[in-house]
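Scroll down for the structure; my scribbles are underneath it.
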Amino acid sequence: MLDRTSNVFAESSTHYECSTWIVVNTHPHKERIAAENLLNQSYTTYCPVIRAQVRHARKTTEVRRPLFPGYLFVALDPLRERWRPILSTLGIRTIVRNGEVPSRMDGRFIASLRAREVDGAIVKPTQPYVIGQNVKIAGGAFDGLAAKVIAMNEKDRVVVLLDLLNRTVKTHLTADQLRSA
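FYI, the numbering for the sequence shown is 1 to 181, going by UniProt numbering.
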């Protein structure tokens, strides 16, 4: 867990188990600025991040990106606490609302996100398949057809080779469209 001064991107306070949270929509790529400004107003915020690899000029670097781009969680009970000052905070576009009242979110969701963090970033679940594994397609027109995993990309897609009409065909599927052979 990161402390409140080292990285407002991860959290701005140590008490994230609050029972009620609201969701705020930020301006594009302004999550950090919005979190800093909300921290200055004594709000507790949380912006879950993931690690992503970025290629630029033939260099690959690992960066942290928001899990939900354009959104922050704010610990606040809108029925008991003042929430309208958030609307005029620099970096905030609006609050996700149900009518005129901010939509409330249970703190257990935030706690479950925090439980998946390793070194301040959400860790993806382990891949259910490995390269070279034989699988079968589950459902659809090709239900039961055998395939072989040849690659997995960062968008949670699995690339498989199918033997279809005496030809080998490469296709991209999601993990839930496959089952172990």
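Glycine included, C-beta positions come from ideal geometry on N, C-alpha and C.
Supposed close pair residue i, residue j - CB separation, criterion 8 Å
i, j, result
"Ile150", "Leu161", "6 Å"
Assigned secondary structure, residue i (DSSP; H/G/I helix, E/B strand, else coil)
i, result
"Thr5", "Low local confidence applies: a pLDDT of 34 at Thr5 is under 50, so the model's placement there is unreliable, and no value is given."
"Phe109", "helix"
"Ala52", "strand"
"Pro85", "helix"
"Glu31", "helix"
"Glu36", "helix"
In DSSP terms, what residue i is bridged to
i, result
"Ser180", "Val135"
"Ile92", "Thr26"
Rounded C-alpha distance that separates residue i from residue j
i, j, result
"His27", "Thr94", "9 Å"
"Ala75", "Asp119", "22 Å"
"Ala147", "Thr174", "13 Å"
"Ala181", "Arg116", "29 Å"
"Arg80", "Pro102", "12 Å"
"Val129", "Ala138", "Going by the sequence as given, residue 129 is Tyr instead of Val. Rounded to the nearest angstrom, the two C-alpha atoms are 14 Å apart."
"Asp77", "Met105", "9 Å"
"Ile131", "Lys170", "14 Å"
"Gly70", "Thr61", "22 Å"
"Asn7", "Glu36", "Note on Asn7: pLDDT 47, under 50, position unreliable in the model; no value is reported."
"Lys59", "Asn153", "19 Å"
Assigned exposure category for residue i - 16 Cβ within 10 Å defines buried
i, result
"Ala121", "buried"
"Pro85", "exposed"
"residue 185", "Nothing about residue 185 can be read from this structure; the chain reaches only from 1 to 181."
"Phe109", "exposed"
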